[in-house]
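S.K.:
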Amino acid sequence: MPEITPVPLSRLTTLRTGGEPARLVEAETPDELVGALREVWAQGEPWFVLGGGSNLFVGDEPFEGTVIRVRTTGIDELPGSRADTVRLRVQAGHDWDALVAETVERGLAGIEAMSGIPGTVGAAPVQNVGAYGQEIVQTLVEVELIDESTGEVATVPASELGLGFRTSVLKHHYGSVPERPAVILSVTLELERVGGEERPIAGEQLRGALGLEPDQAVSLRWIRDHVLATRARKGMVLDAEDPDTWSAGSFFQNAIVSDAFARTLPAECPKWPLAPVLDPVTVIPLAAFDGILPPPPVVTRDVKVSAAWLIENAGLRRGFRFPRSRAGLSTKHTLALTNRGEATAAEIAELARFVQNRVASEFGLVLQPEPVLINVEL
1 MPEITPVPLS RLTTLRTGGE PARLVEAETP DELVGALREV WAQGEPWFVL GGGSNLFVGD
61 EPFEGTVIRV RTTGIDELPG SRADTVRLRV QAGHDWDALV AETVERGLAG IEAMSGIPGT
121 VGAAPVQNVG AYGQEIVQTL VEVELIDEST GEVATVPASE LGLGFRTSVL KHHYGSVPER
181 PAVILSVTLE LERVGGEERP IAGEQLRGAL GLEPDQAVSL RWIRDHVLAT RARKGMVLDA
241 EDPDTWSAGS FFQNAIVSDA FARTLPAECP KWPLAPVLDP VTVIPLAAFD GILPPPPVVT
301 RDVKVSAAWL IENAGLRRGF RFPRSRAGLS TKHTLALTNR GEATAAEIAE LARFVQNRVA
361 SEFGLVLQPE PVLINVEL
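With the UniProt record's numbering, letter number 293 in the sequence shown gets 293, and the count goes up by one each step, no holes.
(1) Let's test the definition: count the other Cβ atoms within 10 Å of the Cβ of V289 and tell me whether it reaches 16, buried, or not, exposed.
(2) When you compare the segment 203-215 with the segment 311-325, are there three or more beta-carbon pairs, one atom per stretch, that lie closer than 8 angstroms?
(3) Let me know if W96 comes out buried or exposed under the rule of 16 or more other beta-carbons within 10 Å of its beta-carbon.
(4) Per DSSP, which one or two residues make a beta bridge with V104?
(5) Can you list, in chain order, the stretches of the beta strand (DSSP E) that have 3 or more residues and sit fully within the segment 83-150?
(6) When you compare only the Cα positions, how much space is there between Q132 and R199?
(7) Taking only three categories from DSSP, how would you classify F165?
(8) Three or more C-beta pairs under 8 angstroms: does that hold for the segment 117-125 against the segment 40-57?
(9) Can you tell me which residues form a DSSP beta bridge with L56?
(10) If E370 and R166 are in contact, beta carbons under 8 angstroms, what's the gap, nearest whole angstrom?
(11) I'd like to know whether the C-beta atoms of E192 and T85 end up nearer to each other than 7 angstroms.
(12) How would you call Q43, buried or exposed, if buried means at least 16 neighbouring beta carbons within 10 angstroms?
(13) For L24, which residues from the same chain have a beta carbon less than 6 angstroms from its beta carbon, with the 5 sequence-adjacent residues on both sides left out?
(14) Quick one, are the C-beta atoms of W246 and N339 less than 7 angstroms apart?
(15) Pick from G107, T17, L170, V177: whose alpha carbon is nearest that of V129?
(16) Using a 10 Å radius around the Cβ and a threshold of 16 neighbouring Cβ atoms, would you call L78 buried or exposed?
(17) Please say whether L367 and A349 have beta carbons closer to each other than 7 angstroms?
(18) Count the other CB atoms within 10 Å of the CB of P21; is the residue buried (16 or more) or exposed (fewer)?
(19) If I'm right that R326 touches A343 with Cβ under 8 angstroms, what's the distance once you round it to whole angstroms?
(20) If we count Cβ pairs, one from each stretch, closer than 8 angstroms, do we get three or more for the segment 144-160 versus the segment 178-188?
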C-alpha cells in the first residue's frame, strides 16, 4: 500500500479543519485504490476516502484510522448510444472542474453548468451534484465501484444508485450510514456533441440564472465563463487568497418539504416544486356514468425551499460571526460557512448549530448539513 507521512487534514480539506490521521495512503492507480480499500476493510480499522476535500467537515481531534486519498486520473472515450453522443469514462480522482473544462473545449454538452464545482469526479454521483438546472443524473450512465461488504468490483448502472436531490444510496447522510457502502472507482457520462457554436438553451433554470431569453443562443464556452463568474461573486470558486471561499460550499441543503408545509412559509420564500402539477384525467365509461363525478384524487408533492432565504430571514446576514470567532457566514452567500483563518472545527460547528436553531425557531424547519461530517457532531 502506498503509505505516506500523515499531515493534518486541515491541509487537505477546503474548509481547512481536521486533525492528523494515524495513517495516510495515496492511491494513484485503480489497482492501488482497490488494494488499499481491501486491506483496511480486512483489518476492520476506521477509514474514509478523501478526494478533493471539498465536501468534508472534519473534527479537530486526530483521526484514529486510515485516510485513503484518491489520486487516480484519466479520461477514456467510448461510443455513445447515438451518433451525436459520446461516452467518457473518467477515473474517480480526476478533478471535476478540469473534466468540465475539457468537455467544453471538445464541444460536449451536458455538464457545462456545473463549472466551478470543487472536488473529484468520483464524489459527483455520491451526492448527485448539480447547479443551475443540471445534475449529474442527467448524463450519468454507470459507475464502477468496489463494494465494502464483499470487496468485489462491479459496474452499476445509474438507475440503481437511487439518485435524488443531492443524494444517492452511496451517500453518508448526517446521522446515518449509506444504503450501499461502496467506493466509486470510475464514472461514465454520456454527453452530446454540439461543438463550439451558439445554440438556444433548453433549461429554464439555467436561462434564468444567466439572464437569457428563451430563444437566445450562446455557446458552451459562454455558459462556462458566466457560471464561473456567477459562482465567484458568491464566493463559491476556491481562491487561496480569499477566506470567503475557504468553505465546504453550501453547508446546508435546500430543504425538501411537503407542499402543505411549504404553504406555511412566507409567500416570498423561494420554492420550487420537484414535480409538475398535472390535472388528473378521469375516464368514466358512458354506460356506467350516473351523472355524478367522483371527487378528484388528492395529489401531494414535494417542494424544494431555499435554505439561503431561510437563514437570511431568520436574522442572520452575510458575514455574521460570533465575537472573537474565526468562523463566519460568507460575506457573499449565507449558505457557506467559512474559515476566516485557522478556525477550529468546534468554532464552525458552533456557528452551524446556531444557524440551525435560528431557522428552526423562526420557521419550524431543521436545516440538514450537506458535507460529510467526520469526527465532529452538530
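No residue lacks a Cβ here, since even glycine has one placed at the ideal position from N, Cα and C. Every value quoted in this text rests on a predicted model; they were computed, and no experiment measured them.
M.R.: Based on what the coordinates show:
(1) Counting from one through the sequence shown, the residue named residue 289 turns up at place 289. According to the sequence displayed, residue 289 carries Phe and not Val. Its Cβ having fewer than 16 others within 10 Å, F289 is exposed.
(2) no
(3) In the sequence shown, residue 96 corresponds to position 96, counting from 1. W96 should be labelled buried.
(4) Here residue 104 refers to the residue found at position 104 of the sequence shown. V104 is not bridged to any residue.
(5) 85-91, 140-147
(6) In the sequence shown, counting from the first residue as 1, residue 132 sits at position 132. In the sequence shown, counting from the first residue as 1, residue 199 sits at position 199. Correcting the residue type first, residue 132 is Tyr in the shown sequence and not Gln. Y132 and R199: Cα-Cα distance of roughly 17 angstroms.
(7) Counted from its first residue, the sequence shown places residue 165 at position 165. If DSSP states are grouped into helix, strand and coil, F165 belongs with coil.
(8) yes
(9) If you number the sequence shown from 1, residue 56 lands on position 56. Answer by DSSP bridge pairing, in chain order: V372.
(10) Locating residue 370 in the sequence shown gives position 370, counting from the first residue. Locating residue 166 in the sequence shown gives position 166, counting from the first residue. Between R166 and E370 the Cβ distance is about 7 angstroms, and since that is below 8 angstroms, they are a contact.
(11) Taking the first residue of the sequence shown as 1, we reach residue 192 at position 192. Taking the first residue of the sequence shown as 1, we reach residue 85 at position 85. Cβ distance < 7 angstroms, so E192 and T85 count as in contact.
(12) Within the sequence shown, numbered from 1, the residue matching residue 43 stands at position 43. With fewer than 16 other Cβ atoms within 10 Å, it is exposed.
(13) Taking the sequence shown and counting its residues from 1, one reaches residue 24 at position 24. The residues are I4, P6, V67.
(14) In the sequence shown, counting from the first residue as 1, residue 246 sits at position 246. In the sequence shown, counting from the first residue as 1, residue 339 sits at position 339. In this structure, N339 lies closer than 7 angstroms to W246 by Cβ.
(15) Position 129 of the sequence shown holds residue 129. The shortest Cα separation from V129 among G107, T17, L170, V177 belongs to L170.
(16) The residue labelled residue 78 in the question sits at position 78 within the sequence shown. Counting Cβ neighbours within 10 Å, L78 comes out exposed, since fewer than 16 surround it.
(17) Locating residue 349 in the sequence shown gives position 349, where the first residue counts as 1. Locating residue 367 in the sequence shown gives position 367, where the first residue counts as 1. Taking 7 angstroms as the Cβ cut-off, A349 and L367 do not qualify as a contacting pair.
(18) Position 21 of the sequence shown, counting from 1, holds the residue named residue 21. So P21 counts as buried.
(19) Taking the sequence shown and counting its residues from 1, one reaches residue 326 at position 326. Taking the sequence shown and counting its residues from 1, one reaches residue 343 at position 343. So it is a contact: roughly 4 angstroms between Cβ atoms.
(20) yes
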